[in-house]
Amino acid sequence: MSEVINHLEREVDATDRAQAQAVALCRRMAGMGHDLKTPLNAIMGYTELLLEEFEEVGAADKVADLRKILRSGSQLLGMIEALVRDAAEAAR
Amino acid sequence: MTHILLIEDNDQTRDVLSRRLARRGFEVSGAATGRTGVERAGALRPDLILMDVSLPEMSGFEATRRLKADPATGHIPVIFLTAHGRREDEAEAHAAGGDGFAVKPVDLEHLLLSIRTALETHRG
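Order-wise, the sequence lines are chains A and B.
Under the working numbering, the final residue of the first sequence carries the number 98; numbering is consecutive throughout.
Under the working numbering, the final residue of the second sequence carries the number 125; numbering is consecutive throughout.
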């Protein structure tokens with residue numbers, strides 16, 4: 007009987023540790039939002055700057071490519087924001 | 002020419018936003034920390050300040066509280082820039098005396114509208 011109780015206690019401890027690790031991981035991910043978004047802000051900002059400059063000189067092919075970079079950047083930004091939001095909720 | 006002081010610690014973010022604003026006809030000066038931002042605001046007396054929230058040495062909120070408490074700079078409108086869109090940040094920005102709030106990556110047209118509104122409100 008005591009062997010069964012010991013086993014159950016070990017199981018509970020392992021579950022508690024796993025939950026604590028999961029919460030810590032979610033908190034780290036939630037805190038990474040700023041670090042992930044900062045370089046993406048630069049990528050999107052410089053892309054928009056180049057876009058404005060190429061639009062002025064009528065370089066349609068360059069403008070089309072830069073718009074593709076911006077669209078991908080926006081998609082990535084949306085994914086980062088969703089990840090951070092989900093991680094923050096899970097950590098709570 | 003309207004003079005904007007951009008207080009932002011990330012070199013690339015500061016560089017690209019300065020250049021985009023300069024293309025729209027603004028004179029832009031920069032500072033990389035909250036402390037140097039307060040010093041430069043006192044020396045340059047810009048028409049408007051764009052203030053990052055997360056800054057080394059002194060947060061954007063604290064820098065704004067100091068600027069607003071100083072009669073020499075208290076009239077200068079401050080628009081906060083932040084990587085987060087958190088409600089608590091927006092509330093603290095308002096409490097610190099901020100005149101606007103923009104989330105990075107910056108939508109330039111939206112930011113220009115906030116800048117114009119803040120300038121008109123303070124001039125009016």
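Cβ coordinates follow ideal geometry from the N, Cα and C atoms, glycine included.
From a predicted model like this one, the values you see are computed outputs, not experimental measurements.
The C-beta distance from L49 of chain B to I8 of chain B rounds to 11 Å, too long to meet the 8 Å contact threshold. Cβ neighbours of M59 of chain B within its own chain (closer than 6 Å, five residues either side excluded): G35, R36. DSSP places H76 of chain B outside both helix and strand once states are collapsed to three, so it counts as coil. Between the C-alpha atoms of L83 of chain A and L14 of chain A there is a straight-line separation of about 44 Å.
The beta carbon of K68 of chain A sits no closer than 8 Å to any beta carbon of chain B.
In the structure shown, H40 of chain A falls within a helical segment according to DSSP collapsed to helix, strand and coil. Across the set B:V107, B:T118, B:L6, the C-alpha of B:V107 shows the shortest separation from the C-alpha of S80 of chain A. Shown here, T34 of chain B sits in coil according to DSSP, grouped into three states, outside any helix or strand.
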